[in-house]
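As you go down the protein sequences, you meet chains A and B in turn.
Taking our numbering, I'd label the letters of the first sequence as residues 47 to 375.
Taking our numbering, I'd label the letters of the second sequence as residues 1317 to 1603.
Comments concern the structure below.
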Amino acid sequence: MSLPVTQAGAAPAPHTQTGAESGGAETGGATASPAQRPSLFSRARWQGVGSALRSPATLSLLPLGLILLLFFIVPIVGMAIIAITVTTQDGGTGVGMDNFLALNRGSHSAAIVNSVQVSLVGSAIAAVVGTLTSFCIAQIRSEKLDSVVAVFTSVLANDGGAPLAFSFIVTLGNAGVIFGMLNLGATGFSLYSWQGLVVMYQYFLIPTMIMVSLPTFVGLRKEWREANAALGGSASTFWRRVGLPIAAPALLGGWILCFGAAFATHASAAVLIGAGGYPLIPLNIGDLLGQAGDSQQVAMALGVTMVVIAVVTLFAFNRLQSRSARWMR
Amino acid sequence: MDALKNARWVPVVAVALYVAIPVLCSVYYAVFPGGSFSLGAYSVIAEDASLAAAATRTLSITALTIVTLVVTLVPALVAVHLWAPKLRPILEILCTLPLVVPPIAIAAGVVALLGWGARQGRGSLPNAISQFLQNPDLPLILVGTYVVLCLPFTFRSIDAGLRTIPLKAMVEGSAILGSSTFGTIFRVVIPNIRGSMLFSVFFAVALCFGEYSLAATLSQQTIPVWLDDVSSNNFRASVAIAVLLNLTTWALLFVATLSAGRFSPAGRAVRAEKTLQKKTTQKALAS
């Protein structure tokens, strides 16, 4: 294998030929492949590395690199390694999918179904309400409203956590202010079920959807509308043939983003539901991490599943977003 | 036509109501127990020492997170803009990834790592590091992970800030005038990306005040975790503190969003252009 590489590398640089040949002769050709470079332990190989390490670029990139490595890359890689590690019958460890297969059992399969259901329904409602709202905001055409909405949506899209859950318990919980006022108990609504989660998630999903879709609606140019009118099209023609085709990828992207956000939500759901009441993937991870033994490995498998879903979500969002962005320049 | 115009406001008002009602209900619940005004629920601040401890812990985590974030991110971005533009895409991907990786998944990874360290036996180095990072007085593990969680947003903001200023010319000019690179960054670059810096700081504070998943998983009692713990026996107190916390984080995020637009050179340019346009249209109308 290494022979053709050695020849190809050595041919344009004859002065390394001797070194490569002697190295190849001594170690049986295994170390001969880096023929064009000095050997690993020679001084020439490491020349310049010291000064490169001391360069301002390296020095200023190093701290952030260390933080990312220690607190992000190593934990995620470690999680993946634990997830695919299994104990074999003779007591050793091996690579296997056992921890992922364990996700088919018990409350985990219910958690996956519940998570997908809540995220799908929640993101669909947020997509429809958010699109409608940002469409109306774009129609109102008030710069003041636009900037107020921009600030509010970016604040609320980052909302969540314990305070959000508390405010919904007080509002729509079994003793909640609005719950009592509208007598929601008679309709069978319960905050501590998937309905409650869907309603609560709207608090940050709708602002996220508005944040993504408003620039699209505002960016539809007046000239396109005028051209449509000049060619005899009605408002509905405009939306059917121009407006929606341009906005659709961005709207779809917003919906996917909302799905990802709902899927990843842990804090507010954990405070609202607590442990075991209604299994969701993030809640199960939290529970399993608190237990000892094999359950941690299953938690890692669930974590890896979440990361994969999140990465796919972001990828899809980016593709769709850039499709719409082509027209918005 | 008027009816149609007003109909446009219906969804906007509906969403605004949906946003406002839970906040108003929790304020009502916290300060109108039994229908009359009382700040009794807030007496927990003075009575419960664990709240003060949680608040101190949260504040020290926040302070360290801000310092670490600024000290690591700004030099890295300046380096990428000045000396190593080829590394920019790599850094961007690394800094954006925490946005899609759910915090609970990061928590799982961190638990795995700390657990591995703890299993290495008493007295070994990994064990000592694991203990050190989880020290309940100052859980450095939260500082590190919070910096990572802040990165996606702060990276974008500071990156955009640096892109709008003539960074290379500024550094060269100040070097010709005899300033060191460090001095240039401190006296020229940072004042010029003030808006992005402010955004990063306020965003980091809001995140540190509100983060629950990691702190709860690692059993570190920060304020959000305290809220959840206390809610089972003193629900009104936890709602009362939650209202305070929520309004604080909102205010911080407001300031962050405003400062990102207001103090950035791009934002200034946009506003200058707008005022100019207004003046010219006014002149045109007057003449």
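Built from N, CA and C at the ideal position, the CB exists for glycine as well.
- Think of a sphere of 8 Å around the beta carbon of V1464 of chain B: the chain A residues whose beta carbon falls inside it are I113, L114, F117, F118, in chain order.
- Shown here for L105 of chain A: not one same chain residue has a beta carbon closer than 7 Å to its own, the five before and five after excluded.
- By the Cβ test, the segment 316 to 331 of chain A is in contact with the segment 239 to 246 of chain A, since at least three Cβ pairs between them sit closer than 8 Å.
- Interface annotation, E1527 of chain B: in contact with chain A, CB-CB separation under 9 Å.
- Burial of G176 of chain A is indicated by the presence of at least 16 other C-beta atoms within 10 angstroms of its C-beta.
- When Cβ pairs closer than 8 Å are counted between the two stretches, the segment 1415 to 1423 of chain B is seen to touch the segment 326 to 341 of chain A, the count reaching three or more.
- Relative to the Cα of V1505 of chain B, the nearest Cα in the group B:A1319, B:I1474, B:A1553, B:S1516 belongs to B:I1474.
- Our two residues, K1484 of chain B and L1398 of chain B, have alpha carbons roughly 6 Å apart in a direct line.
- Among the residues of chain A, those whose CB is under 7 Å from the CB of T1533 of chain B are G332, L335, following chain order.
- Judged by their CB atoms, L1543 of chain B and A221 of chain A are not nearer to each other than the 9 Å cut-off.
- Under DSSP, G234 of chain A forms no beta bridge with any residue.
- Counting only Cβ-Cβ distances below 9 Å, T1480 of chain B has no contacts in chain A at all, with the closest Cβ about 18 Å away.
- Per DSSP, T1480 of chain B lies in no beta strand (DSSP E) segment and is marked neither H nor E.
- Across the set A:F263, A:P325, A:L360, the C-alpha of A:F263 shows the shortest separation from the C-alpha of L297 of chain A.
- For L1523 of chain B, same chain residues with a beta-carbon under 7 Å away, outside a window of 5 residues either side, are Y1462, L1465, C1466 in chain order.
- For the pair V353 of chain A and V1546 of chain B, the CB atoms are not nearer than the 9 Å cut-off.
- In terms of beta-carbon proximity, V216 of chain A lines the interface with chain B, with at least one pair separated by less than 9 Å.
- Across the structure, F305 of chain A and G1460 of chain B are spaced so that their CA atoms are roughly 28 Å apart.
- Nearest CB-CB separation between I183 of chain A and chain B: below the 9 Å threshold.
- Taking the Cα of A170 of chain A as reference, the smallest distance to any Cα among A:G300, A:A273, A:E269, A:E189 is reached at A:G300.
- DSSP places T1381 of chain B in the helix class (H, G or I) of the three-state scheme.
- A direct Cα-Cα distance of roughly 36 Å separates L1493 of chain B from T1591 of chain B.
- Any Cβ of chain B closer than 9 Å to the Cβ of D136 of chain A would place that residue at the interface, and such an atom is absent.
- By alpha-carbon distance to P1540 of chain B, the top candidate from B:N1443, B:G1526, B:V1487 is B:G1526.
- Judged by DSSP in its simplified three-state form, V1517 of chain B adopts helix.
- Take the alpha-carbon of F1498 of chain B and the one of L1478 of chain B: they are about 16 Å apart.
- The C-beta distance from L237 of chain A to G219 of chain A rounds to 5 Å, short enough to fall under 8 Å.
- Against H312 of chain A, the close residues of chain B are P1418, P1419, I1420, Y1528, S1529, in the order they occur along the chain (beta-carbon pairs closer than 8 Å).
- Taking a beta-carbon distance threshold of 9 Å, A275 of chain A does not count as an interface residue toward chain B.
- The criterion of a C-beta distance shorter than 9 Å is satisfied by S213 of chain A and V1555 of chain B.
- Under the three-state reduction of DSSP, G219 of chain A is assigned to coil, being neither helix nor strand.
- Excluding five sequence positions before and after A356 of chain A, the CB atoms of its chain that fall closer than 7 Å to its own CB belong to G306, A310, given in chain order.
- Between S1446 of chain B and G1437 of chain B, the CB-CB gap reaches or exceeds 9 Å.
- Of A:L114, A:H154, A:Q367, A:Y249, the smallest CA-CA separation from T1388 of chain B is found for A:L114.
- For V132 of chain A, the secondary structure class from DSSP, reduced to helix, strand or coil, is strand.
- Cα atoms of V1360 of chain B and V358 of chain A: separation of roughly 45 Å, rounded to the nearest angstrom.
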